Every structure is written in C-alpha cells, then in structure tokens.
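Asks: The structure is given below, and queries will be raised subsequently.
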Amino acid sequence: MKADNFYGRERESYAEPYKIKMVEAIELKSREYREKAVTEAGLNVFNLKAEDVYIDLLTDSGTGAMSNRQWSALLLGDESYAGAKSFFKIRDAIRDIFGYNYLVLAHQGRAAENILMGTLVKPGQRVLNNMHFDTTEGHVRMRDASPLNLIRAEGLNTSLEAPFKGDMDLEKLEAELKKGAKDGSVPFVMMTVTCNSNGGQPVSMANIRAASEITHSFGLPFFFDAARFAENCWFIKQREEGYTDKSVKEIAREMFSYGDGATMSAKKDAIINIGGFVAVRDDENLYNLCSQRQIQYEGFKTYGGLAGRDMEAMAAGLYEGLDEDYLEDRIGQVRYLGDRLKALGVPLQVPFGGHGVFIDAKKCLPHIEQRFFPAQALTVELYKEGGVRGVELGTCSFGHTDPVTGEEYFPELELMRLAIPRRVYTDRHMDMVAAAMGRIMDRKEKIRGLRLVYAPVIMRHFTARFEWI
Ligand code: F0G
C-alpha cells in the first residue's frame, strides 16, 4: 500500500492543464443582502437564486465546464427519434470503457435508478450498498424496501487517515446475503464508486473484487453506482499496490469486469450538464425489462430522455474524464482546498475525497445537538459569511422519521460538503472559500441550531424549510 502518497504530486508543483476561453461573471452580494436572501429561502440553500451565490459548491453534478471538444461535438448531434448516429457513438464508448454491452440511456442518474430499481426491487426487500446516495436511497424507500449501508466502520471515522474509506464490510455483506438467501429478500448488491455520502471516498479494487465474488456466490447480481468511477480509478492508481503503472482506463475496465452492470449519473465524471444511464453487461432479459421502463418514462431506446447533442457531449466527456492530467488537476484542487481548511483547524473527513471537501459538523459545532441540524446551520452560516454555497449531508438529507414507530433516525455522519465543479473555479476561489470558513471558525460557538418548519417524507433536504432555535 502506498500509504505515504494519497494524492500524487503537490498541487503547487503544476498548473491547470487547460486555458480559459470563455468566462461567466459572478458577484459577491452584500452581507445584508445575503442574510435576507437565505432567510427568505427558509434557511435552505437549495432555495437560493444561483445569481445570489458567489462561489457555488452545492454540487459537482452537471456543473462542470465542457471543453472546446465537447462544445464542438454538440453540432454532430443526430436528433433522429430512432436509430440516431449519436446513440451508437455513446453505446460504443460505454462498451469500450465499461465493457458492458447494453445501454439504457436516461436523463440523469436518478432516472437510471428508477429504471433499475423499478425493475428489480420489490416491497419488503433489502438493498445492500457500501453507502447509498440520497436519491438511490429514496428510490429504494419509494418501493417500500430498505436501503442498508454496509460501509466499514473506518469509513465513518472522519479523523482516521486510511486509503480506501469507501470499502464495504465484507463480513456484514456475507451475513446479510445469508439472511437474504433464506427468504429471497436481497435483489442485488451495489457498490458506489467513489462513495459520495461519506466524503467521496474511494473503494479499493481488492474490496470490489471480493464483494463481487461473495455476491455472485449467492447467485445475485453486483452493480456499480458509477457516478464518479474515474475518480475512484485514479485513487486506485495512486494508492493500491499493483496499479501504479496501469492507465486509469485499464483500471476502469478491470473494475467494471467484476460487475453485471451499472447506473451512472453522467453529470459527474462524464463532465456534462445532463445525462445518465443503466449499462448491462450481457443479461438480455434484464436489458429488455429496463428498456421497457425506459421507453415508458424516458424515451425511445436510442435517446432515452437526451438530445442527440447530449449523447455526443457525453461520449467525448467520458474519455476526457479518464484523462490523467485532468484527474490529477481535479483531485489536486480538492486537496488544495482541504489543506487550507485543515490548516485553519476545520475538522474534516480525511483523506479528502475525489469531488469535494467534507466538514464534520458534529466536531465543528459540538454545542449543537444533532436533532438541531448542525451541518445545515453551518451551511447557512457559510453562505452568510462568504456567499459560498455548500450542501448539508447529515440529519436533513439522511435522517428520517420511521413511518411505523414515529421514531427519529439520525445518520452517523453529519457533514457539510463543499463539492467542487470540474474545471470551473480557480485556486483563488478556493482561497476565498477557506478564508470564509476561517472567519466562521473564529465565531463558531455563537452559531445556533435549526428547527424544521416544513419537510416532505422522502428526500426532504431539497425542499425543507427551517427556523433558528
Ligand atoms: N449516485 C450518486 C453517487 C450521486 O452522487 C448522485 C447525485 C446520483 C446517484 C444521482 O444522480 O443527480 O444525476 O440524478 N449526486 C448529486 C450530488 C446530486 O450533488 O452529489 P443525478
């Protein structure tokens, strides 16, 4: 294990592997304006107008900057309803990178989840994942099934430096599958790479291989949630014995060889603004079932909710996302921000993840009980302080009220994520983010908790509203 080298080269030793051709103005509104805006937004940054945000680290999803190659590819889009040339281009790219034969396009990741889960998940079942993301979890719950997170305990210990904190607990996996083998209650196992919910943490090839073998030994399919697969493969190259001299693309081919298929939100590692898919290795029956749902919910087989131009940009972006200069720069920028925050004493999930820096709000604001949403409070304060929009991944996103007992469930991790869009901001922007967090650290004892005033039952963080306690 190359434990001394989690990230590759120091960020300061190289510059961005691109130059900028087009710019988009951003503005830092006054503090008074920001306070009013976030109050009107119900203390939920999802309700802010984007133009009122100075540096937007809400998500790295669909927010990346496309390259000149992607923009020029848009003009090649074949907008035919059936049999579009652009479909075959993206299908071939996925065969080449994933090794999966069948492609079911969808308008984004959660639509792909809807197709796969709608096809395979039945009420009362348990879906096993290293750690579900919010929409994935929502799609399981919507089918009256239970999402189970089998991440190893070290993945939940934010201060522990370990190379693969996205790894699944294989003993737990085996135990759950044994239970499932008796009553048929597990439809499949899924591995999320990188593991978004605990900080964009990577999963090792060894863990993927073993989890796949165990799953297959019970006769069940093994899928990937591949939203950030290229970042995961880059970490394998940096951190896992035996992969240093392999290309990220070769690593991806090996990784996907252990699976039977994948869902992907292409808005992340394919660096496009919209798009997603289910890919199926060779199970024609599963493909046909997914395709029926696709036609019902998304569109015909050769466009699945996308324009021909989106498919072209996706095909180009999938390859750009595997470019190793790009990946080093991208993950180097996450590290750049992480290093600055760490120097200010901000408690973080370490090592830093692939797509953002995750602040441990329980440790940062220990005086706020978890039921008063410390990560949400920190998110609101960061917007007020610096016009920076992060996102809560804690009690609002992952907590829930048990529909039967009425009992409140609190997630282990209470994080505020600063997700960095791809190729969008410079390190100077990251300096501004760190400076704002530094000012918050100086006055954090005075930050109050929040109380929910409105929340829907599922995926409540998107539309919840709060008041200060
Ligand atoms: N899986 C993972 C691991 C994700 O991070 C996301 C989205 C999805 C699935 C769903 O994809 O948004 O295209 O429908 N994550 C975004 C985020 C929203 O901000 O992390 P989608």
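Once you know that position 41 of the sequence shown is 42 in the working numbering, the rest is easy, because the numbers rise by one and skip nothing. C-beta atoms are modelled at their ideal positions from N, C-alpha and C, and glycine is treated no differently. As the structure is a computational prediction, the values presented were derived from the model and not from experiment.
Helix, strand or coil for Ala64? Go by DSSP, reduced to three states.
Replies: By 1-based counting over the sequence shown, the position of residue 64 is 63. For the sequence presented, residue 64 should be read as Thr rather than Ala. Thr64 falls in the coil class under three-state DSSP.
Asks: Based on Cα-Cα distance, which residue from Arg423, Gly243, Lys447, Phe467 lies nearest to Met67?
Replies: The residue labelled residue 67 in the question sits at position 66 within the sequence shown. With distances taken between Cα atoms, Met67 lies closest to Arg423.
Asks: For Arg10, which residues in the same chain have their Cβ closer than 8 Å to its Cβ, ignoring the five residues on either side in sequence?
Replies: Position 9 of the sequence shown, counted from the start, is the residue given in the question as residue 10. Taken in chain order, the residues that qualify are Glu329, Gly333.
Asks: Around the Cβ of Pro367, are there at least 16 other Cβ atoms within 10 angstroms (buried) or fewer (exposed)?
Replies: As a working mapping, residue 367 is identified with position 366 in the sequence shown. By the neighbour-count rule (16 or more Cβ atoms within 10 Å), Pro367 is not buried but exposed.
Asks: Let me check one thing: in DSSP terms, what residues is Trp235 bridge-paired to?
Replies: Working through the sequence shown from its first residue, we reach residue 235 at position 234. According to DSSP, Trp235 bridges with nothing at all.
Asks: If you reduce the DSSP assignment to three classes, tell me which class Val46 lands in.
Replies: Counted from its first residue, the sequence shown places residue 46 at position 45. Looking at Val46 - three-state DSSP - the assignment turns out to be helix.
Asks: Between the Cα of Arg429 and the Cα atoms of Phe463, Ala16, Glu382, which residue gives the shortest distance?
Replies: Position 428 of the sequence shown holds residue 429. The shortest Cα separation from Arg429 among Phe463, Ala16, Glu382 belongs to Ala16.
Asks: Which residue spans inside the segment 372-434 form an unbroken alpha helix (DSSP H) run of at least 4?
Replies: Here the runs fully enclosed are 375-387, 396-399.
Asks: Using only CA atoms, which one of Tyr101, Ile56, Met23, Gln350 lies nearest to Asp284?
Replies: Start at 1 with the first residue of the sequence shown, and residue 284 comes out as number 283. The residue with the shortest Cα to Cα distance from Asp284 is Tyr101.
Asks: Along the chain, which unbroken stretches of the beta strand (DSSP E) at least 3 residues long are found entirely within the segment 101-131?
Replies: Taking only runs of at least 3 residues, the beta strand (DSSP E) segments lying wholly in the segment 101-131 are 103-107, 127-130.
Asks: Below 8 Å, can you find three or more Cβ-Cβ pairs linking the segment 72-91 to the segment 406-424?
Replies: Touching, no.
Asks: Three Cβ pairs or more, each shorter than 8 Å: is that satisfied between the segment 136-150 and the segment 303-319?
Replies: No: the two stretches stay apart, fewer than three of their Cβ pairs being nearer than 8 Å.
Asks: Below 8 Å on the Cβ atoms is my guess for Asn130 versus Met206; work out the distance and round it to an integer in Å.
Replies: As a first step, residue 130 must be located in the sequence shown, where it is residue number 129. As a first step, residue 206 must be located in the sequence shown, where it is residue number 205. Not a contact, Cβ separation roughly 18 Å.
Asks: Which word fits Ala227, buried or exposed, when buried means at least 16 other C-beta atoms lie within 10 angstroms of its C-beta?
Replies: Within the sequence shown, the letter at position 226 stands for residue 227. Buried, by the Cβ-count rule.
Asks: Do Ala112 and Gly300 have their CB atoms nearer than 8 Å?
Replies: Reading the sequence shown from its first residue, position 111 is the one you call residue 112. Reading the sequence shown from its first residue, position 299 is the one you call residue 300. Against a cut-off of 8 Å, the Cβ pair of Gly300 and Ala112 comes out as no contact.
Asks: Starting from Phe88, trace the alpha helix (DSSP H) both ways and give me its first and last residue.
Replies: Taking the sequence shown and counting its residues from 1, one reaches residue 88 at position 87. Per DSSP, Phe88 belongs to the alpha helix (DSSP H) from 86-99.
Asks: Counting contacts by CB-CB distance shorter than 8 Å, is Glu25 in contact with chain B?
Replies: The structure shown contains no chain B, having only a single protein chain.
Asks: Quick one: grab the DSSP three-state call for Tyr455.
Replies: Here residue 455 is taken as the residue at index 454 of the sequence shown, counted from 1. Tyr455: strand per DSSP, three-state reduction.
Asks: Do the segment 180-197 and the segment 334-350 meet, that is, are 3 or more Cβ pairs less than 8 Å apart?
Replies: No, because fewer than three Cβ pairs between the segment 180-197 and the segment 334-350 fall closer than 8 Å, the two stretches do not touch.
Asks: What separation, rounded to the nearest whole angstrom, lies between the Cα atoms of Val392 and Met417?
Replies: Counting from 1 along the sequence shown, the entry for residue 392 is found at position 391. Counting from 1 along the sequence shown, the entry for residue 417 is found at position 416. In a straight line, the C-alpha of Val392 is about 6 Å away from that of Met417.
Asks: Helix, strand or coil, according to DSSP, for His220 in the structure here?
Replies: The sequence position of residue 220 within the sequence shown is 219, counting from 1. The residue you asked about is not His; residue 220 is Gly in the sequence shown. Of the three classes helix, strand and coil, the one that applies to Gly220 here is coil, per DSSP.
Asks: Put Phe225 into one of helix, strand or coil per three-state DSSP.
Replies: Indexing the sequence shown from 1 puts residue 225 at position 224. If DSSP states are grouped into helix, strand and coil, Phe225 belongs with the strands.
Asks: Tell me, to the nearest whole angstrom, how far the beta carbon of Met132 is from that of Ile459; I am working on the premise that it is less than 8 Å.
Replies: The residue you call residue 132 lines up with position 131 of the sequence shown. The residue you call residue 459 lines up with position 458 of the sequence shown. About 18 Å separates the two Cβ atoms, so there is no contact after all.
Asks: Per DSSP, which residues does Ile56 bridge with? Please list them.
Replies: As a working note, residue 56 is residue 55 in the sequence shown. Ile56 pairs with Val389.
Asks: In terms of alpha-carbon separation, which member of Leu414, Asp432, Asp311 lies closest to Gln1?
Replies: Nothing about residue 1 can be read from this structure; the chain reaches only from 2 to 470.
Asks: Of the residues Glu382, Arg35, Asp261, Ile56, which one's Cα is nearest the Cα of Asp1?
Replies: Past the boundaries of the shown model lies residue 1; the chain is included only from 2 to 470, so the question cannot be answered.
Asks: Would the C-beta of Gly167 count as close to ligand 1, meaning under 7 Å from any of its heavy atoms?
Replies: If you number the sequence shown from 1, residue 167 lands on position 166. Incorrect: Gly167 has no Cβ contact closer than 7 Å to ligand 1.
Asks: What is the C-beta distance between Phe373 and Leu451, in whole angstroms, given that I count them as a contact (C-beta under 8 Å)?
Replies: The count along the sequence shown starts at 1 and reaches residue 373 at position 372. The count along the sequence shown starts at 1 and reaches residue 451 at position 450. Confirmed, Cβ separation roughly 6 Å.
Asks: If Asp170 and Arg229 are in contact, beta carbons under 8 Å, what's the gap, nearest whole angstrom?
Replies: By one-based count along the sequence shown, residue 170 stands at place 169. By one-based count along the sequence shown, residue 229 stands at place 228. About 21 Å separates the two Cβ atoms, so there is no contact after all.
Asks: Can you find the residues in the same chain that come closer than 7 Å, C-beta to C-beta, to Asp145, ignoring five residues on each side of it along the sequence?
Replies: Looking up residue 145 in the sequence shown gives position 144. The answer, listed in chain order, is Pro124, Gly125.
Asks: Which residue or residues does DSSP assign as beta-bridge partners of Glu468?
Replies: As a position in the sequence shown, residue 468 is number 467, starting the count at 1. DSSP output for Glu468 lists Arg452 as bridge partner(s).
Asks: Looking only at its own chain, which residues have a Cβ that is under 8 Å from the Cβ of Asp5, when we skip the five neighbours before and after it?
Replies: As a working note, residue 5 is residue 4 in the sequence shown. Its pLDDT being 48, under 50, Asp5 is placed unreliably by the model, and nothing is read from it.
Asks: Rounded to the nearest angstrom, how far is the Cβ of Gly355 from that of Ala437, given a contact under 8 Å?
Replies: Walking along the sequence shown from the start, residue 355 turns up at place 354. Walking along the sequence shown from the start, residue 437 turns up at place 436. At roughly 23 Å, the Cβ-Cβ gap does not stay under 8 Å, so Gly355 and Ala437 are not in contact.
Asks: How about Val122 and Val105: do their beta carbons lie closer than 8 Å?
Replies: Within the sequence shown, the letter at position 121 stands for residue 122. Within the sequence shown, the letter at position 104 stands for residue 105. Cβ atoms of Val122 and Val105: not closer than 8 Å.
Asks: Could you please give me the residues that DSSP links to Cys196 through a beta bridge?
Replies: By one-based count along the sequence shown, residue 196 stands at place 195. According to DSSP, Cys196 bridges with Gln202.
Asks: Give the range of the alpha helix (DSSP H) segment to which Met312 is assigned.
Replies: Within the sequence shown, residue 312 is the residue found at index 311, counting from 1. 309-321 is the span of the alpha helix (DSSP H), which, as asked, contains Met312.
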